[in-house]
Amino acid sequence: MAESALFDTFARAPLRFERGEGVWLVTEGGERYLDFGSGIAVNSLGHAHPHLVEALKSQAEKVWHTSNLFEVTGQDTLSRRLADNSFADKVFFTNSGAEALECAIKTARRYQYTKGHPDRFHIITFEGAFHGRTLATIAAGGQAKYLEGFGPKVEGFDQVPFGDVEALKAAINENTAAILIEPIQGEGGIRPVPKEFLQTLRKLCDDNGLLLIFDEVQCGMGRTGKLFAHELTGVTPDIMALAKGIGGGYPLGACLATAEAASGMTAGTHGTTYGGNPLGMAVGNAVLDVMLEEGFLERVRDVSLFFRQGLASLKDRFPNIIEDIRGEGLLLGIKAKVPAGELVGAMRDEHMLAVPAGDNVVRLLPPLTVTVDEAREGLARIEKAAEKLTAANMKKSA
Ligand SMILES: *Cc1c(COP(=O)(O)O)cnc(C)c1O
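The sequence shown lines up with residues 0 to 397 when you count with numbering that gives the first Met the number 0.
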């Protein structure tokens, strides 16, 4: 075969899927894989969910795109529903998480600017964070491996150690506009931020005239068993970025804000060609139809409890493979004793998909529609993978 014409940016697993059904993905060769990666927390309702398929199909037959030069069908309803079910008053639609973060960052800077503080454009972020791959969001994430070779780091992002209150206080100065944090770090290794720390952030923001921005691109949209992860903590932000699960597989993101925080974003200050197009709105509304159904999130919490208990007993049985289980709802991580990539590989050999993360963690992010039986199947496959790894390691050390 000729050399690939694709950029070499991805180290892909040698699997190609032809179709999906619920929690299953099927390769071109007909092999079935249990999908506990959900395309990195995106397929929140599994593959080929009938309500989403119907919503996309019926919109596709009407109109695909008109641009934001006009009123767009579905934007009013979806923004209203997101606002009614959150702290927010205002919504800006995007196509991705990074763009939702760009909007959040611009909204915070613009707020300070219109309040007469043009020098207040710095945003404080935390080590281990991930906010996307644009120039501004790699600066916000602050990870050297993502910044290297891309020229000067975008100005205005000050990073402090995870959970360090003193460093945080020291970093706040007359140039600070906002604090940006994931309530549960995703790529960083499923690291929940303690509730008390988020409460401290809220207070520091209120005392210093700063805005609090939550990045819920990965932990939001039902993943934790609450519609938004911060509901578990009682702390509300001024601005929030969403994406991934919000579109169930259709590229969709959103930046939510209070009316006050969004007050600087007047006509002409920001824009997008595709963001909020009719196809995305149809699917986004369909995702919410399901997530807001009575009992949906409760079921996520129930399955999570079962799955977590199973993972805890695997941890007891395989202390040389599993160090710890962390996370909330169906945003779970196995902190591995072996390299996380090896565990993901061993699970893939058992036809189960998961996603590696930082801090040597394997992320388990099944569709939120996963059943107890499917979770049990997942546990059985992780068990087999752990058995094989244990046997292989014993051979190595013998
Ligand atoms: C995935 C992710 C992003 C970036 O989203 P993209 O759609 O890849 O641009 C930002 N923040 C968090 C927390 C994420 O998990």
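All C-beta atoms, glycine included, are put in the ideal place defined by N, C-alpha and C.
Since we're looking at a predicted model, the values are computed, not measured.
Find the nearest neighbour of residue i within the set the options, judged by alpha-carbon distance.
i: T26; options: E297, Y145, G263, H350; result: H350
i: F305; options: G283, A176, V371, G294; result: V371
i: F129; options: P365, E376, G357, A397; result: G357
i: K194; options: R109, N67, V234, G263; result: V234
i: L209; options: T136, V302, Y112, P250; result: Y112
i: A260; options: A169, D75, L329, F91; result: F91
i: V52; options: G21, L68, A40; result: G21
i: N413; options: D88, A87, C102; result: Residue 413 lies beyond the stretch modelled for the chain, which goes from 0 to 397, so this question has no answer here.
i: V436; options: E327, G326, E322; result: Here the chain has residues from 0 to 397 only, and residue 436 is not among them.
i: G275; options: I245, G263, D301, T257; result: I245
i: A374; options: A391, G309, N67; result: G309
i: G399; options: I381, E2, N42, D288; result: With the chain covering 0 to 397 only, the question about residue 399 has no answer from this structure.
i: G29; options: L14, I39, G38; result: L14
i: G150; options: T133, L255, S396; result: T133
i: A170; options: A139, H121, G187; result: H121
i: F317; options: P191, G340, E186, T389; result: T389
i: E186; options: E154, N207, G131, I238; result: G131
i: G262; options: K105, A166, D301, K152; result: Strictly speaking, residue 262 in this sequence is Ser, with Gly absent from that position. Looking at the Cα atoms, K105 is the closest of the given residues.
i: G270; options: A253, L278, A258; result: A253
i: L367; options: I381, E154, E17, E327; result: E327
i: E398; options: P355, D315, V354; result: In the structure as shown, the chain starts at 0 and stops at 397, and residue 398 therefore has no counterpart that could be examined.
i: N207; options: R119, V71, E70; result: R119
i: T257; options: V71, F213, G294, G221; result: F213
i: G96; options: Y145, L146, Y249, E230; result: Y249
Assuming the contact rule is C-beta atoms closer than 8 angstroms, residue i and residue j should be a hit. Round their C-beta distance to whole Å, please.
i: L81; j: G247; result: Incorrect: roughly 15 angstroms between the Cβ atoms, too far for contact.
i: A228; j: I183; result: 5 angstroms
i: H46; j: A285; result: Their Cβ separation, rounded to whole angstroms, is 14 angstroms, which puts H46 and A285 out of contact at 8 angstroms.
i: L342; j: I320; result: 7 angstroms
i: M393; j: Q74; result: Between Q74 and M393 the Cβ distance is about 58 angstroms, and since that is not below 8 angstroms, they are no contact.
i: L197; j: T232; result: 5 angstroms
i: L55; j: V282; result: 5 angstroms
i: A40; j: K243; result: 5 angstroms
i: L296; j: L226; result: 7 angstroms
i: T136; j: L77; result: Not a contact, Cβ separation roughly 24 angstroms.
i: A384; j: A345; result: 4 angstroms
i: L211; j: D237; result: 5 angstroms
i: R153; j: A138; result: First, the amino acid is wrong: residue 153 is Val here, not Arg. V153 to A138, Cβ: 4 angstroms. Contact.
Determine the burial state of residue i: buried for a count of at least 16 other Cβ atoms within 10 Å of its Cβ, exposed for fewer.
i: P160; result: exposed
i: S312; result: exposed
i: R11; result: exposed
i: T272; result: exposed
i: E292; result: exposed
i: N84; result: exposed
i: K299; result: Residue identity differs from the one stated: residue 299 is Val in this sequence, not Lys. With 16 or more other Cβ atoms within 10 Å, it is buried.
i: A266; result: exposed
i: K168; result: exposed
i: V164; result: exposed
i: T8; result: exposed
i: S303; result: buried
i: E2; result: exposed
i: L287; result: buried
i: L68; result: exposed
i: K89; result: buried
i: G188; result: buried
i: R79; result: exposed
i: T65; result: exposed
i: A143; result: exposed
i: T268; result: exposed
i: F6; result: exposed
i: P117; result: exposed
i: G377; result: buried
i: E98; result: buried
i: A397; result: exposed
i: A107; result: buried
i: A4; result: exposed
i: G148; result: exposed
Any contact between the region 122-139 and the region 162-178? By contact I mean 3 or more CB pairs, one from each, below 8 angstroms. yes
Could you say if the region 47-61 and the region 23-37 meet the contact criterion of at least three C-beta pairs nearer than 8 angstroms? no
Segment contact flag, the region 199-208 with the region 340-354, C-beta cutoff 8 angstroms, min 3 pairs: no
Are at least three pairs of beta-carbons, each pair with one atom in the region 328-340 and one in the region 360-374, less than 8 angstroms apart? yes
Are the region 163-176 and the region 98-118 in contact at 8 angstroms, needing three or more beta carbon pairs? yes
Across the region 144-159 and the region 210-224, are there enough close Cβ pairs to call them in contact, namely three or more that are closer than 8 angstroms? no
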